[in-house]
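Residue numbers (my numbering): 148 to 353.
All residues carry an ideal CB built from backbone N, CA and C; glycine is no exception.
Note that the coordinates shown come from a computational prediction; the quantities given were computed from them, not determined experimentally.
Notes to accompany the following structure.
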Amino acid sequence: MTSKTYIVFDDFELKLFSVFLTIWLLSYYHPYLKLSPEKLSNIHSVPLCILAFLSLQQIIPESIPLCYSSSFFVVDIIDEGFINRDVMWTAHGVISLGLNLGTAMSPLHRQLRSVSKGYLVEGSTLPFNYWKRSKSYGSFVVFFASFTVFRVMWVPYFLYETYVKEMKGETDFLLFLSVMFCLLNGAWYVKMCQMLVNYRVPKKME
148 MTSKTYIVFD DFELKLFSVF LTIWLLSYYH PYLKLSPEKL SNIHSVPLCI
198 LAFLSLQQII PESIPLCYSS SFFVVDIIDE GFINRDVMWT AHGVISLGLN
248 LGTAMSPLHR QLRSVSKGYL VEGSTLPFNY WKRSKSYGSF VVFFASFTVF
298 RVMWVPYFLY ETYVKEMKGE TDFLLFLSVM FCLLNGAWYV KMCQMLVNYR
348 VPKKME
């Protein structure tokens, strides 16, 4: 069965991954080149959405956004897991990296460009980072709307299209990771819904 056969990354992809990994390591830890967490997140998410769109239009190979994102999550897992010790964000990184690499290694998912479709969830990241900085209710509403579209609505629809329509009900371990990703987003979304109703602007922002 096609979903039980896996693709080994070729020499170009390994070199590209290494280049991006080096760039991310420098951006995280070099004393003069390191960036703030917000800038790192934006530099990952915004170009990734553009690269994913270009990949879906078959203008560039999917290996480019794949290597760009997976190398980021390798460093992010190290940073969140061993330095910041943030369990939720470490889990997010592990699930994201697992989906990146697992989906890319499946010939069927490569054919469907599932990796690029999945990357569209990053459309909510820029509004999230802007809200973290401004803390205004208006910026939260924009973030809430983007999260609703790109993560709460798009991911289940994408999974339905992939596993029900394209794969005819066939499942693989990636579906389990995808469900975990949905549950993680769901936990965040419940909290966000509560905040939407009971939002409090920090006193120092008033």
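Simplified DSSP assignment, three categories, for R298: Position 151 of the sequence shown, counted from the start, is the residue given in the question as residue 298. Residue state, collapsed to three classes: helix.
Where the alpha helix (DSSP H) containing Y215 begins and where it ends: Reading the sequence shown from its first residue, position 68 is the one you call residue 215. Counting along the chain, Y215 sits inside the alpha helix (DSSP H) bounded by residues 210-225.
P184: first and last residue of the uninterrupted alpha helix (DSSP H) it sits in: By one-based count along the sequence shown, residue 184 stands at place 37. Per DSSP, P184 is one residue of the alpha helix (DSSP H) stretching across 184-203.
Inter-residue Cα distance where the pair is D319 and D158: Along the sequence shown, read from residue 1 onward, the residue named residue 319 stands at position 172. Along the sequence shown, read from residue 1 onward, the residue named residue 158 stands at position 11. Roughly 27 Å between the two C-alpha positions.
Nonlocal neighbours in the same chain, by C-beta distance under 7 Å from L267, ignoring five residues either side: For the purposes of this step, residue 267 is taken as the residue at position 120 of the sequence shown. Within the same chain, Cβ atoms closer than 7 Å to the Cβ of L267 are found at C196, A199, F297, W301, the five residues on either side in sequence being excluded.
Closest Cα partner of Y423 within the set M314, S261, Q258, V288: For the chain, the structure presents residues 148 to 353; residue 423 sits outside this window and is missing.
DSSP state of K282 mapped onto helix, strand, coil: Taking the first residue of the sequence shown as 1, we reach residue 282 at position 135. In the three-state DSSP reduction, K282 falls in the coil class, being neither helix nor strand.
Proximity winner among S188, Q204, P208, K186, relative to E160 (alpha-carbon distances): Numbered from 1 along the sequence shown, position 13 holds the residue referred to as residue 160. When each option's Cα is compared against that of E160, the closest is P208.
Length of the line joining the Cα atoms of L285 and H191: Indexing the sequence shown from 1 puts residue 285 at position 138. Indexing the sequence shown from 1 puts residue 191 at position 44. A quick correction: the sequence has Gly, not Leu, at residue 285. Rounded to the nearest whole angstrom, the CA to CA distance from G285 to H191 is 24 Å.
Pairwise C-alpha distance: M327 and K279: Position 132 of the sequence shown, counting from 1, holds the residue named residue 279. Position 180 of the sequence shown, counting from 1, holds the residue named residue 327. Whole-angstrom Cα-Cα distance: 25 Å.
Proximity of F220 and S243 at Cβ, strictly below 8 Å: Translated into positions along the sequence shown, residue 220 becomes position 73. Translated into positions along the sequence shown, residue 243 becomes position 96. Yes, they are a contact pair.
Spatially closest choice to G249 from F229, T169, L213, by CA coordinates: For the purposes of this step, residue 249 is taken as residue 102 along the sequence shown, with counting starting at 1. Comparing Cα positions, the closest option is L213.
Segment contact flag, the stretch 215-232 with the stretch 167-179, C-beta cutoff 8 Å, min 3 pairs: Enough Cβ pairs lie closer than 8 Å, so yes.
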